[in-house]
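*Asks:* Heads up: the sequence shown at position 125 corresponds to 125 in the numbering used here, and the numbers run straight through without jumps.
Quick reminder that beta carbons are idealized off the backbone N, C-alpha and C, glycines included.
Remember, it's a predicted structure, so these values are computed and weren't measured experimentally.
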Amino acid sequence: MKITNDFSIGPYMTFDQSKELPIHSWFWYKEGFSPELVKWAIASEGKNKNDNAPVPERLLDPFCGVGTSLLAAKEKGMFAKGVDASDLAAFVSKTKTRNYSSRDIEMAKEFSASIFAESRPPAPLQWEFELFNPAAAFPKRNLNDIMFLRERIEYLEPGPRSLLLLALLSVLPQASLVIKDGGVLKISKEKSAMPLKDAFRRKVKRMVADLEAKNETNAPANPGQNAAPEPEVFLGDARAMGFPDDSEDIIVTSPPYLNNIDYSKIYGMELSLLAMSKAAAEEVRLRSVRSFIGRKMRVQEMPVEVGEIGERIPIIGTYFADMEGAIKEMHRVLCPGSCAYVNVSNSVIHETHVLVDEVFAEMALRIGFSDVEIVVGAERIADVKPQKVRTRESVVIMRK
Ligand SMILES: C[S@@+](CC[C@H](N)C(=O)[O-])C[C@H]1O[C@@H](n2cnc3c(N)ncnc32)[C@H](O)[C@@H]1O
């Protein structure tokens, strides 16, 4: 197995650049990457293939999160498909990648400018989420505004409805008394919540500006010419995507890291307001790779590459067992000769350093990939008591 360094891609492995980019920045997703990583993978795929091979036309992201790779592929005119286990991630991906007409944009603007002038009876909706009572998590005025908007947005046409609902979900953290502390949410007495109205209007204004700028740049010379194809987004499980065998030209993805982060909890407020159901979080957990919960596994159930730590620390065994299913599925749907670019981070869990990239690479070879390379993009020092170890983030390139 070849391991090389390319530290130029390190900054692309976090959401930092996406936070500043039009459309990519619409929903803050700490676990996301930057579209530059996707562009790098597409360019590498072109270079690695023989001269006669066609450039990739169809991209798949089986853990698409908030749609970074789908949007990057769309911007390149490629066909893209994404799958995510979370209703929230699937909704954000879909909303960021659809084509909006000028009428959609106008309706969103008009709604945001006039809605708070309306007189309002109390919204009949009930919002519950697993971790807190919303009444404790928001100042009263903000909670009233949230429920009012959530109800009104529902009556709109699909384009403006998606835009405005995304705007509302994305400002919930700012308008709440909740802080994200590592992998958990806490109510903080010190936090001052921004008025929901202001945060919402400001967000809609920014989103509209992004779309207007994009529509202007893309205005076809011939009216009637097609806009870029909209990616398809599916709520589902990367281990059983149901797409045909040998159908994808390139996979670019970043599965959950082995780090105890439960997406259904840290984005629980946004998820439950989207679904208007407290049960949504549990449903997401059932579909998700178990990167945050482990049950004791028998050695026979565990991928052979994991070794005794999978037994000693159950979360490690369950994580790799789930990821083996996802790597098998990636292998099945890729065209022969094509690659999956899988962004991973090695982990320190229960004071044990786990070489996630090497385990993925060994599993990929056993599953049937013909060639695997690890490209290290960033290194950091981690405390693995009693000593410190150098750990890393990398892209595992698996060629079918
Ligand atoms: C690291 S994030 C991906 C971020 C993405 N690259 C982006 O830029 O937004 C991993 C995603 O995998 C999703 N996920 C977890 N288990 C899954 C499964 N079994 N199938 C599909 N998606 C899953 C999570 O909901 C999360 O959105």
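Taking the alpha-carbon of SER347 as reference, which of ALA167, GLU106, VAL359 has the nearest alpha-carbon?
*Replies:* As a first step, residue 347 is located in the sequence shown; it is residue number 347 there, counting from the start. Nearest C-alpha to SER347: VAL359.
*Asks:* Which residues in the same chain as GLY224 place their Cβ atom closer than 6 Å to its Cβ, once the five residues preceding and following it in sequence are excluded?
*Replies:* On the sequence shown, residue 224 is found 224 positions in, with the first residue counted as 1. Note that GLY224 scores a pLDDT of 44, beneath 50, so its modelled location is shaky; the value from the coordinates is reported in the next line. Once the five neighbours on either side are set aside, GLY224 has no close Cβ partner at all.
*Asks:* Just checking PHE129 against ligand 1 - is the residue's beta carbon closer than 6 Å to any of the ligand's heavy atoms?
*Replies:* Looking up residue 129 in the sequence shown gives position 129. The answer is no for PHE129.
*Asks:* Take GLY67 as the anchor and find which of GLY46, LYS47, SER34, TRP40 has the nearest alpha-carbon.
*Replies:* The residue labelled residue 67 in the question sits at position 67 within the sequence shown. Residue SER34 is the option with its Cα nearest to GLY67.
*Asks:* With a 10 Å radius around its C-beta and 16 neighbouring C-beta atoms as the bar for buried, classify ALA41 as buried or exposed.
*Replies:* Locating residue 41 in the sequence shown gives position 41, where the first residue counts as 1. So ALA41 counts as buried.
*Asks:* Quick check: the region 314-327 against the region 370-377, are there 3 or more CB pairs under 8 Å?
*Replies:* Too few Cβ pairs lie closer than 8 Å, so no.
*Asks:* In angstroms, rounded to a whole number, what distance separates the CA positions of SER162 and ASN99?
*Replies:* The sequence position of residue 162 within the sequence shown is 162, counting from 1. The sequence position of residue 99 within the sequence shown is 99, counting from 1. Cα to Cα, SER162 sits roughly 11 Å from ASN99.
*Asks:* Excluding the 5 residues flanking LYS186 on each side, which residues of the same chain have their C-beta closer than 6 Å to its C-beta?
*Replies:* Residue numbering aside, residue 186 sits at position 186 when the sequence shown is read from its first letter. Around LYS186: ILE179.
*Asks:* Going by other Cβ atoms of all chains shown within 10 Å of its Cβ, with 16 needed for buried, is ILE3 buried or exposed?
*Replies:* Numbered from 1 along the sequence shown, position 3 holds the residue referred to as residue 3. By the neighbour-count rule (16 or more Cβ atoms within 10 Å), ILE3 is not buried but exposed.
*Asks:* Which residue wins for smallest C-alpha separation from PHE15, given the options LYS385, ASN5, GLU36?
*Replies:* Sequence index remark: in the sequence shown, residue 15 carries index 15 (1-based). Checked all of LYS385, ASN5, GLU36; the closest Cα to PHE15 is GLU36.
*Asks:* Let me know if ALA135 comes out buried or exposed under the rule of 16 or more other beta-carbons within 10 Å of its beta-carbon.
*Replies:* Stepping through the sequence shown from its first residue, residue 135 is reached at position 135. With fewer than 16 other Cβ atoms within 10 Å, it is exposed.
*Asks:* Are ILE86 and TYR263 close, meaning C-beta to C-beta below 7 Å?
*Replies:* By one-based count along the sequence shown, residue 86 stands at place 86. By one-based count along the sequence shown, residue 263 stands at place 263. Strictly speaking, residue 86 in this sequence is Ser, with Ile absent from that position. Result yes, Cβ atoms of SER86 and TYR263 sit closer than 7 Å.
*Asks:* Could you have a look at ALA80 and say whether DSSP puts it in helix, strand or coil?
*Replies:* Residue 80 sits at position 80 when you count from the first residue of the sequence shown. Here ALA80 sits in strand by DSSP.
*Asks:* Considering only the beta carbon of each residue, do VAL356 and VAL344 sit closer than 7 Å?
*Replies:* Within the sequence shown, the letter at position 356 stands for residue 356. Within the sequence shown, the letter at position 344 stands for residue 344. Yes.
*Asks:* Quick one: is LEU286 buried, meaning 16 or more other Cβ sit within 10 Å of its Cβ, or exposed?
*Replies:* Position 286 of the sequence shown, counted from the first residue, corresponds to residue 286. Result: exposed.
*Asks:* Since VAL38 and VAL252 are thought to touch, with beta carbons under 8 Å apart, how far apart are those beta carbons, to the nearest angstrom?
*Replies:* As a first step, residue 38 is located in the sequence shown; it is residue number 38 there, counting from the start. As a first step, residue 252 is located in the sequence shown; it is residue number 252 there, counting from the start. Their Cβ separation, rounded to whole angstroms, is 5 Å, which keeps VAL38 and VAL252 in contact under 8 Å.
*Asks:* Does the beta carbon of ARG206 sit closer than 7 Å to a beta carbon anywhere in chain C?
*Replies:* Chain labels in this structure do not include chain C; a single protein chain is all it has.
*Asks:* Just list the alpha helix (DSSP H) runs in the region 2-68, keeping only unbroken ones of 4 residues or longer that don't cross its boundaries, in chain order.
*Replies:* Runs found: 35-48.
*Asks:* Residues in the same chain with beta-carbon distance under 7 Å from ARG332, minus the five sequence neighbours each way, listed in chain order, please.
*Replies:* Counting from 1 along the sequence shown, the entry for residue 332 is found at position 332. Answer for ARG332: ASP245, listed in chain order.
*Asks:* Can you list, in chain order, the residues of its chain whose CB lies under 6 Å from that of SER8, leaving out five sequence neighbours each side?
*Replies:* Position 8 of the sequence shown holds residue 8. Closer than 6 Å at the Cβ level, and outside the excluded window around SER8, lies no residue.
*Asks:* Can you give me the start and stop residues for the beta strand (DSSP E) that PHE234 sits inside?
*Replies:* As a position in the sequence shown, residue 234 is number 234, starting the count at 1. Residues 232-235.
*Asks:* Which runs of the alpha helix (DSSP H), 4 residues or longer, sit entirely within the region 70-115?
*Replies:* With a minimum length of 4 residues, the continuous alpha helix (DSSP H) runs that stay inside the region 70-115 are 87-97, 102-114.
*Asks:* So which of ARG366, ALA364, CYS339, ARG380 has the shortest CA-CA distance to LYS47?
*Replies:* Position 47 of the sequence shown, counted from the first residue, corresponds to residue 47. Ranking the options by Cα distance to LYS47, first place goes to CYS339.
*Asks:* Leaving out the 5 sequence neighbours to the left and right, which residues in its chain are closer than 7 Å to GLY307 when beta-carbon positions are compared?
*Replies:* Within the sequence shown, residue 307 is the residue found at index 307, counting from 1. Correct list: empty, nothing qualifies.
*Asks:* Go ahead and label GLN17 buried or exposed: buried means 16 or more other beta carbons lie within 10 angstroms of its beta carbon, across all protein chains shown.
*Replies:* Working through the sequence shown from its first residue, we reach residue 17 at position 17. The residue in question, GLN17, is buried, as its Cβ has 16 or more Cβ neighbours within 10 Å.
*Asks:* Near ALA382, which residues of its chain fall below 6 Å by C-beta distance, leaving aside the five closest residues on each side in sequence?
*Replies:* Residue numbering aside, residue 382 sits at position 382 when the sequence shown is read from its first letter. These residues qualify, in order along the chain: VAL348, VAL389, THR391.
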